[in-house]
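Have a look at the structure below before the remarks.
2 protein chains.
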Amino acid sequence: MSVRTDGRKARGERRRQEIIAATLRVIERDGVAGVTHRTVAKEAGIPTASTTYHFATLDDLLIATLISCARDMATEVYWMIDRARSREGLRRSSELSSGPSAADEVSVLLAEALGPRRGRTMAEYELYLLASRRPALRPAARRWLDVLTSMVRHDDEVAFRVFLAGIDGLLIQGLIDDEPPTADELRPVVEYLLKPR
Amino acid sequence: MSVRTDGRKARGERRRQEIIAATLRVIERDGVAGVTHRTVAKEAGIPTASTTYHFATLDDLLIATLISCARDMATEVYWMIDRARSREGLRRSSELSSGPSAADEVSVLLAEALGPRRGRTMAEYELYLLASRRPALRPAARRWLDVLTSMVRHDDEVAFRVFLAGIDGLLIQGLIDDEPPTADELRPVVEYLLKPR
DNA sequence: AGTAAACTTGGACGATAGTTCAGGTAGTGT
DNA sequence: ACACTACCTGAACTATCGTCCAAGTTTACT
């Protein structure tokens, strides 16, 4: 029974995922303000009523998008960390897990987030900020941080919180630059941020 | 002539300022999404057509609000710094201008921004994020940072950028907490952020 | 006083929004 | 084959949106 039920649900689930993906594209292009049942439906190439069938209200749609977005980012970060660790091998670090090469990697990642992936970064922060206004969205938004916290090995809790805050700040400030900052411009700041006290 | 001309403009200017103030209140309460000509007009207690007369489009209204908001914050920070300096007197600091008492002051300020002034903080970041999407808003948003940079004495450019980014990150992350963090909870992080390398 | 400009405002127009619903289709279980 | 449920969708309803305009009022200057 469970197989059949899953099979039946799969059809609707696929449609749901298409709608969520289309919503994210709309947010990347036009912001949360551009999200309407009609724009999302047009982006997904489906009739308008289909979005209202799967998501009763616009808030439900935004919640689902935020959750999906947070999950994507979590898996992305997971592989990033996994890759970095295997590359460093068993490099012995006397202090934190962060060495100079970590600063390089983070700088490149930030530059990408503010350059080619700028739209996505804006979308994420718009959803993040939306969560501050809708309590229903907050657990999903907090998972953003929780996943990072649980994945990254951090000996010093305070230092790690400072690191996360610094990354957020650099991203937000980078979003209002006319020209996105390069990894080289970012590196000194990131290095200072990672430097242990 | 200039006096009379100013006098004539003063009437419209007052109305303009009322509209901008009402817009900010609306953003604090309902977010940028809640800003319409009608909601702003109702908040200000004036007819709808009055807002369209003084601000041809909604974007003009948001731009003006962002600029006004940035100016308010600049003067506020100016007096905050002035007060802090006069309080510390000529305390000799061997390293940066930031000592332990500075961490106290910043922590309290952050706790206020996330507690009683939470609505205002959300409004500021929504406008800030809006600027990332509308190039016309960016200069005003950048002034936010420029004013701080020009006002605060900073021997170490990189350290100061890290400090600003950290503050931004702490504020944004604090906005999705169900209970706003207290100054005591914030202090360790702020102290670490201010600690010179 | 008279004129021009700035200001104010009630009302209206077309466009678009969220949401609803009746009717149709496609799979599932018996 | 049959009923059942989930899924899908075209069309429509009402509300609200941005914007505009014509007519009235106030103010500044000659």
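For the protein sequence lines, the chains are R and X, in the order given. Mind the numbering: the first sequence is residues 0 to 196 in numbering that gives the first Met the number 0, read in order. Mind the numbering: the second sequence is residues 0 to 196 in numbering that gives the first Met the number 0, read in order. C-beta: ideal position from N, C-alpha, C; glycine also.
Distance CB(residue i)-CB(residue j) smaller than 8 Å
| i | j | result |
| --- | --- | --- |
| Ala-164 of chain X | Leu-185 of chain R | no |
| Leu-129 of chain X | Gly-173 of chain X | no |
| Arg-137 of chain R | Asp-177 of chain X | yes |
| Val-161 of chain X | Val-188 of chain R | yes |
| Arg-119 of chain X | Glu-27 of chain X | yes |
| Thr-22 of chain X | Val-34 of chain X | yes |
| Met-150 of chain R | Ile-80 of chain R | yes |
| Glu-42 of chain R | Arg-14 of chain R | no |
| Val-107 of chain X | Ala-158 of chain X | no |
| Tyr-127 of chain X | Ile-175 of chain R | yes |
| Pro-190 of chain R | Ala-102 of chain R | Inspection of the sequence shows that residue 190 of chain R is occupied by Glu rather than by Pro. Against a cut-off of 8 Å, the Cβ pair of Ala-102 of chain R and Glu-190 of chain R comes out as a contact. |
| Ala-139 of chain R | Ile-62 of chain R | yes |
| Arg-117 of chain R | Pro-180 of chain R | no |
| Val-146 of chain R | Val-31 of chain R | no |
| Ile-171 of chain R | Ile-171 of chain X | yes |
| Ala-122 of chain X | Glu-104 of chain X | no |
| Arg-37 of chain X | Lys-194 of chain R | no |
| Ala-69 of chain X | Trp-143 of chain X | yes |
Boundaries of the alpha helix (DSSP H) in which residue i is found, first to last residue
| i | result |
| --- | --- |
| Gly-44 of chain X | Unbroken run through Gly-44 of chain X: none, as it is neither H nor E. |
| Asp-183 of chain X | 182 to 193 |
| Ile-166 of chain R | 156 to 174 |
| Glu-104 of chain R | 99 to 113 |
| Glu-123 of chain R | 117 to 132 |
| Ala-139 of chain R | 137 to 150 |
Check: residue i C-beta below 7 Å from any heavy atom of the ligand GTP
| i | result |
| --- | --- |
| Asp-155 of chain X | With respect to the ligand GTP, the structure offers nothing, as it holds no ligand at all. |
Checklist line | Interface positions of the stretch 141 to 154 of chain R facing chain X (Cβ-Cβ less than 7 Å), listed along the chain | finding: Arg-141, Leu-144
Notebook entry, point to check: Which whole runs of the beta strand (DSSP E) in the stretch 10 to 83 of chain R are 3 residues long or more, in chain order?
Noted result: none
Next item on the list: Could you list the residues in the stretch 107 to 121 of chain X with a C-beta less than 7 Å from some C-beta on chain R, going in chain order?
Entry: Residues Met-121.
Next item on the list: Mind checking the stretch 154 to 173 of chain X against chain R and listing, in chain order, the residues whose C-beta falls within less than 8 Å of any C-beta there?
Entry: Val-157, Ala-158, Arg-160, Val-161, Leu-163, Ala-164, Gly-165, Ile-166, Asp-167, Gly-168, Leu-169, Ile-171, Gln-172
Notebook entry, point to check: Which residues, in order along the stretch 22 to 38 of chain X, keep a beta-carbon less than 7 Å from a beta-carbon of chain R?
Noted result: Within the stretch 22 to 38 of chain X, the qualifying residues are Gly-30, Ala-32.
Notebook entry, point to check: Given a limit of 9 Å on CB to CB distance, which residues of the stretch 65 to 85 of chain X reach chain R?
Noted result: From the stretch 65 to 85 of chain X, no residue has a Cβ closer than 9 Å to chain R.
Item checked: Near-chain X residues of the stretch 122 to 134 of chain R - C-beta to any C-beta below 9 Å -> Correct list: Tyr-124, Glu-125, Tyr-127, Leu-128, Leu-129, Ala-130, Ser-131, Arg-132, Pro-134.
Notebook entry, point to check: Going along the stretch 46 to 58 of chain X in order, which residues come within less than 8 Å of chain R, judged by CB to CB distance?
Noted result: none
Next item on the list: Could you name the residues of the stretch 175 to 187 of chain X whose beta carbon sits closer than 7 Å to any beta carbon of chain R, in the order they occur along the chain?
Entry: Ile-175, Asp-177, Pro-187
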